[in-house]
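Shown next, in structure tokens, is the structure this report addresses.
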Amino acid sequence: MSPRSPEARARLRLRSLGWALLAGLVGAVCGIHSLALPLEWNGPAAEVLPGLMMALLRAWLPLIGAALVLHAGQRSLSVLRP
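So that you can map any letter, position 44 of the sequence shown is 766 in the working numbering, and since no number is skipped, the others follow by simple counting.
Printed below as a string of structure tokens:
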């Protein structure tokens, strides 16, 4: 089966849609989680902003990790390349 055959293209399209769906789900979960973070604005901005940035980073860390794993997998495994 050549890379340009309709079956190969359909399989590749399905794999790409699967990865996009998974990435979208991880992003949605991280977004919803970050919206639910408690915001405490008691005090000056110099004291509040570092804690807020750390909370947002912790909320989005799974998405960042998933993106890095996907990128590394695509670079190292030719099966995952679109």
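Note that the Cβ used here is the ideal one computed from N, Cα and C, for glycine as well.
Local conformation of residue i per DSSP, three classes
{"i": "P784", "result": "helix"}
{"i": "E769", "result": "helix"}
{"i": "L774", "result": "helix"}
{"i": "L790", "result": "helix"}
{"i": "L799", "result": "coil"}
{"i": "L761", "result": "coil"}
Boundaries (first-last residue) of the alpha helix (DSSP H) holding residue i
{"i": "L743", "result": "P728 to L757"}
Alpha-carbon spacing of residue i relative to residue j, whole angstroms
{"i": "E786", "j": "A768", "result": "What sits at residue 786 in the sequence shown is Ile, not Glu. One C-alpha to the other measures close to 26 Å."}
{"i": "S727", "j": "R737", "result": "16 Å"}
* Counting Cβ pairs, one atom from each stretch, are 3 or more of them under 8 Å apart for the region 724-735 and the region 762-771? -> no
* State whether the region 776-790 contacts the region 740-755, with contact taken as three or more CB pairs (one from each stretch) at a distance under 8 Å. => yes
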